[in-house]
Amino acid sequence: MILSELYKLYDIEIGLMPLSERTVYSYKMSLKKFISENERVYRMSELEIKQYFSEFRKRYSDSYYNVICSSVKIAYERVLKQPNKMSWFKPIQTEKHFKQIMTYEDFVSIMKGIKSLKQKTYTILLYSTGIRISELLDIKLSEINLITDRIFIRTLKHGVFREVPIHEITKKYILSYLKKYDPKEYLFENPKGGKYSASSVRNVLHKNEKETGKNITPHSFRHQYITKLVTKENIFGAMDLSGHRSIKSVRHYYHNPNINEMYNPLDN
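First residue of the sequence shown: 13, per this note's numbering; consecutive thereafter.
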C-alpha cells in the first residue's frame, strides 16, 4: 500500500467516526508526523512502535501523546488491519486545569469592541446558546425556526441532535443580520459562498479579548454557558442543551460560588 492510498483510506475511516472537525484535523496531522518519522510504518513491530512512543512521551505533553497514539491506533486497526500492534495503548488521564470563566462583563467588553454586525451576531449566538464552533458554522438557514425561536443543531460528536432556544435579543441580531447579508445556504458564509471559517471567528475574539485580561476562545462561551446551566438549573438540562451524553462530561463545569454556605454536620 502506497502512502497516498493509506492517507485516502484513513480520511474515509475517520470521516465515518463521530469526531469534531478539529479532532479530525489533529488526527490527520498526527498521523503524518508519525509516518514522517517512521518510514517502515507498514512493517514496524509492536516493540518498535512501543519504543517510539516511549521516547515520544519524554518530549511531548500527555495530551499530545494521547492524540498521536489514538490517531496511529486508528490507522493500524482500521486501515492496515494490524490491530494487535496498538492494542496496548490506553489514554493517559490528564490533569484538569482550572479555567478562567468568562463573565457577563467580559462578554459586554468583547461586543463593544466588535464593529461588524456579522461578527456581533455569531458572538452573541455563541454566548447565548453554548454551541460548539463547528456547530455554529454548520447551521443552515433551513435549521432556524424564528416562529418557535429554536435552532436545530446537528453535530458529528456523539451523533447527537438537539434544539437550542433563541433568546429575544439574539433573535433581533439574527433578523438584522439576515436582512443585511442575505446568506444563501448557511447562516454564516464566506463572501464567496460556503461555510464561514473557524479561524475567522477565533481571530475576531482574540482581537477583542484585551479588556478582559483572559484568553477568550469560542469554547470560553460554551464553558460559561454550561457552567451557568449546571449551577442555576440542573445537570440534566445542561446535558440536553449542550449535547453531552454523560453526567461525567458535564460535571467539571460545576463551580459552586456559595461553597461556604453549603450544609455542614456541625450546623446541627
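Ideal Cβ placement from N, Cα and C applies to all residues, glycine included.
Expected contact under 8 Å - CB spacing of residue i and residue j to nearest Å
i, j, result
"residue 77", "residue 69", "5 Å"
"residue 231", "residue 113", "In fact, because the Cβ distance is near 12 Å, the residues do not count as touching under 8 Å."
Per-residue DSSP class, three states only, for residue i
i, result
"residue 233", "helix"
"residue 164", "strand"
"residue 126", "coil"
"residue 47", "helix"
"residue 176", "strand"
"residue 228", "coil"
"residue 240", "helix"
"residue 185", "helix"
"residue 201", "strand"
"residue 151", "coil"
"residue 96", "helix"
"residue 207", "strand"
"residue 157", "strand"
"residue 31", "coil"
Spatial neighbours of residue i in its chain, beta-carbon cut-off 8 Å, leaving aside the 5 residues before and after
i, result
"residue 17", "none"
Separation of residue j from residue i, as counted between CA atoms
i, j, result
"residue 187", "residue 154", "14 Å"
"residue 22", "residue 101", "19 Å"
"residue 66", "residue 28", "30 Å"
"residue 145", "residue 87", "27 Å"
"residue 147", "residue 71", "34 Å"
Cut-off 7 Å between Cβ atoms - residues of its own chain near residue i, not counting five sequence neighbours on either side
i, result
"residue 201", "195, 207 and 208"
"residue 129", "188, 189 and 192"
Cβ neighbour criterion (16 or more within 10 Å) applied to residue i
i, result
"residue 224", "buried"
"residue 120", "exposed"
"residue 55", "exposed"
Residues near residue i in its chain [Cβ-Cβ closer than 6 Å; skip 5 each side]
i, result
"residue 60", "none"
"residue 221", "228"
"residue 217", "228"
"residue 141", "176"
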